[in-house]
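Below you'll find the structure, written out as structure tokens, and then a few comments.
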Amino acid sequence: MPSRQPTTASSVVFSLKTFDQHARNILLDPANIGIVRPHDHYDMIDIYFTLNRRGGLSPATMGRKGDVKIVGPFIANIQFSFELHMETGEIMLVDRSPGQTCRVCYGDDEGKIRGFDKFEALVLTPAISNIAIHFGRSAKYKFLLEWCNPDAINLEAWKSLATRTGQVQTPRSHFIVKRLEGRQDPEKRFLKQEELAANYPMLTRIIKCVDAYTGHCVAVKQVEVPSHEVFREARKEITTDLNHPHIIEFLQVEILVHRFNLVMELQDGDLHSLALTPEFMRRHQLLQDGNTVSRPLMHQMLQALDYLVSKDIIHRDVKPKNILYRRINGSYYYRLADFGIATTAPHKIAFSGTQGFMAPEVHDMDSRQRNRPHTTRIDVWGLAKSFCHTFRLDPQKNEHNRYTVMTTVHPISHAWSDMLEQMLDPNPFRRVSAGHVLTLMFNGEGRVTEE
């Protein structure tokens, strides 16, 4: 993970240790004497992060005309280079040889080897300690990479340079197979960095990974299920036919024997954690025009729910932890996630969801609506309760068994207070639809259903 802290002008990020005689001969070449350093009885090449080079790394190239000189058959002027990704700061090995002869092997703690070859660029991640780099015809030159101080990369300082060079891959620069199934071994391109969350009773984990080919981070949701249920459970989460800017998109769905993996773009966090930040806790007029905190949240999530209505899909678990966000250029962009218990509408009665955010017709078995199929209005309730929870509004039942929104911290207009109460109507057939709220409160912007 690139550091955002000030560093010295030059700091060693990693070193290259020779693994065979051909590699040792490179270090013995008089042309390279100035870049070879002794390390505990071994001579190594230190790779520095430095603001004195536009690329941020030095020495950065190897080849006949590289920073590290290599004289030998089948060696290009620049055989390969070490470069930083312009946006993410990930270190990437770029194969510049005509025949793409570089090969990188990752070894994990369990002794498993992941080999990569015939690539244009490949991430070198400090999350993996055992990395071998082979290159040249028949991979005759072999180096081992040893991490020294990967946090030395000061991404913000490097970005501030007037001119800089580096890799510019986007999350979709390298083709991703949308659906993988029937294989024994998992996809190797997503390299684990850290576990973000785990729900052991549900046998699910969220893992932060880096895409080895693009340098962008992704989130991988791993779900362990019995082999006879894996396809059924995967289908419940696979929403690849959903295409909306405010619904999380799966980059890849991988179905293995006893689990499936869902790969999606990494977000900054969820609404549950965002609600605890000073920006969201600071007193402000909720939902007014020009508001950059609460209004985008409501508008974007209403658009997502309205889109689901057009597809006859009920999410059934709309809550702050399932509303993810990214902050881009100071603005919040929200996406609805986790379709694990989603279903089609109308749907027979089922007790599902999260306590505190379930509509009355779901959790109240004494409700007059208990014998009627559930509809997409369930999600409108979940959104309203999520909004009230986030901004510490306090819906209270009145003598007519309807909800009244009580403001405790943030002021809210009468029109919006009334609309939230309509979204919280205990009767799903009186409860407003997401499209109706979009029409009345946002001039229909983003609505896809018919009025």
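Using the numbering used here, you'd call the opening residue of the sequence shown number 195 and step up by one each time.
Each residue gets a CB set at the ideal place from its N, CA and C atoms; glycine is no exception.
Would you grab the beta carbon distance between residue i and residue j for me? Rounded to a whole angstrom, and I think it's under 8 Å.
{"i": "residue 318", "j": "residue 287", "result": "6 Å"}
{"i": "residue 574", "j": "residue 625", "result": "6 Å"}
{"i": "residue 387", "j": "residue 315", "result": "18 Å between Cβ atoms; not a contact."}
{"i": "residue 528", "j": "residue 440", "result": "6 Å"}
{"i": "residue 342", "j": "residue 208", "result": "6 Å"}
{"i": "residue 619", "j": "residue 596", "result": "7 Å"}
{"i": "residue 375", "j": "residue 449", "result": "4 Å"}
{"i": "residue 520", "j": "residue 462", "result": "5 Å"}
{"i": "residue 290", "j": "residue 275", "result": "6 Å"}
{"i": "residue 371", "j": "residue 273", "result": "The Cβ separation is near 30 Å, so there is no contact."}
{"i": "residue 285", "j": "residue 220", "result": "That belief does not hold up - the Cβ atoms of residue 285 and residue 220 are roughly 20 Å apart, past 8 Å."}
{"i": "residue 392", "j": "residue 460", "result": "Residue 392 to residue 460, Cβ: 17 Å. No contact."}
{"i": "residue 525", "j": "residue 486", "result": "7 Å"}
{"i": "residue 488", "j": "residue 346", "result": "Not really, about 40 Å apart at Cβ, beyond 8 Å."}
Give the DSSP bridge partners of residue i, in chain order.
{"i": "residue 474", "result": "Its beta-bridge partners do not exist; DSSP assigns none."}
{"i": "residue 519", "result": "463, 528"}
{"i": "residue 458", "result": "413, 444"}
{"i": "residue 363", "result": "DSSP lists no partner for residue 363."}
{"i": "residue 401", "result": "389, 414"}
{"i": "residue 301", "result": "307, 324"}
{"i": "residue 274", "result": "256, 289"}
{"i": "residue 449", "result": "375, 454"}
{"i": "residue 588", "result": "600"}
{"i": "residue 340", "result": "209"}
{"i": "residue 354", "result": "Paired residues: none, contrary to the question."}
{"i": "residue 204", "result": "244"}
{"i": "residue 368", "result": "DSSP lists no partner for residue 368."}
{"i": "residue 384", "result": "405"}
{"i": "residue 480", "result": "606"}
{"i": "residue 335", "result": "329"}
{"i": "residue 251", "result": "243"}
Nearest by alpha-carbon distance to residue i: which of the options is it?
{"i": "residue 517", "options": "361, 486, 468", "result": "468"}
{"i": "residue 495", "options": "313, 581, 262", "result": "581"}
{"i": "residue 552", "options": "509, 587, 438, 269", "result": "509"}
{"i": "residue 381", "options": "358, 391, 407, 583", "result": "407"}
{"i": "residue 491", "options": "506, 577, 556", "result": "577"}
{"i": "residue 531", "options": "515, 260, 591", "result": "515"}
{"i": "residue 293", "options": "312, 504, 271", "result": "312"}
{"i": "residue 583", "options": "299, 474, 506, 270", "result": "474"}
{"i": "residue 602", "options": "392, 478, 439", "result": "478"}
{"i": "residue 630", "options": "507, 493, 364", "result": "493"}
{"i": "residue 389", "options": "371, 415, 373, 369", "result": "415"}
{"i": "residue 591", "options": "609, 615, 511, 604", "result": "615"}
{"i": "residue 511", "options": "447, 572, 500", "result": "572"}
{"i": "residue 637", "options": "480, 497, 352", "result": "497"}
{"i": "residue 480", "options": "252, 250, 608, 255", "result": "608"}
{"i": "residue 436", "options": "523, 533, 401, 383", "result": "533"}
{"i": "residue 470", "options": "223, 585, 373", "result": "585"}
{"i": "residue 464", "options": "352, 418, 513, 472", "result": "513"}
{"i": "residue 323", "options": "500, 329, 303", "result": "303"}
{"i": "residue 417", "options": "404, 399, 403, 405", "result": "399"}
{"i": "residue 621", "options": "368, 554, 598", "result": "554"}
List the endpoints of the continuous beta strand (DSSP E) containing residue i.
{"i": "residue 324", "result": "324-329"}
{"i": "residue 315", "result": "315-317"}
{"i": "residue 633", "result": "Per DSSP, residue 633 belongs to no beta strand (DSSP E); it is in the alpha helix (DSSP H), 628-636."}
{"i": "residue 280", "result": "Note, residue 280: premise wrong, no beta strand (DSSP E); not H, not E."}
{"i": "residue 241", "result": "236-244"}
{"i": "residue 233", "result": "230-233"}
Identify the continuous alpha helix (DSSP H) that holds residue i and give its terminal residues.
{"i": "residue 582", "result": "571-584"}
{"i": "residue 557", "result": "554-557"}
{"i": "residue 615", "result": "608-617"}
{"i": "residue 217", "result": "215-222"}
{"i": "residue 265", "result": "Taken as a continuous stretch (DSSP letters only), residue 265 belongs to no alpha helix (DSSP H), as it is neither H nor E."}
{"i": "residue 501", "result": "488-504"}
Report whether the distance from the Cβ of residue i to the nearest heavy atom of the ligand FMN is below 7 Å.
{"i": "residue 225", "result": "For the structure depicted, the ligand FMN is absent and the ligand set is empty, with no information on it obtainable."}
Does the beta carbon of residue i come closer than 8 Å to any beta carbon on chain C?
{"i": "residue 635", "result": "In the displayed structure, chain C is absent; only one protein chain is listed."}
Checklist entry - Using 8 Å as the Cβ pair cut-off and three pairs as the minimum, do the stretch 325-345 and the stretch 211-223 touch? => result yes
Checklist entry - Does the count of Cβ pairs from the stretch 265-281 and the stretch 347-365 closer than 8 Å reach three? => result yes
Checklist entry - Do the stretch 243-250 and the stretch 260-270 make contact, defined as three or more Cβ pairs closer than 8 Å? => result no
Checklist entry - Just checking, does the stretch 296-311 make contact with the stretch 221-235 on the three C-beta pairs under 8 Å criterion? => result no
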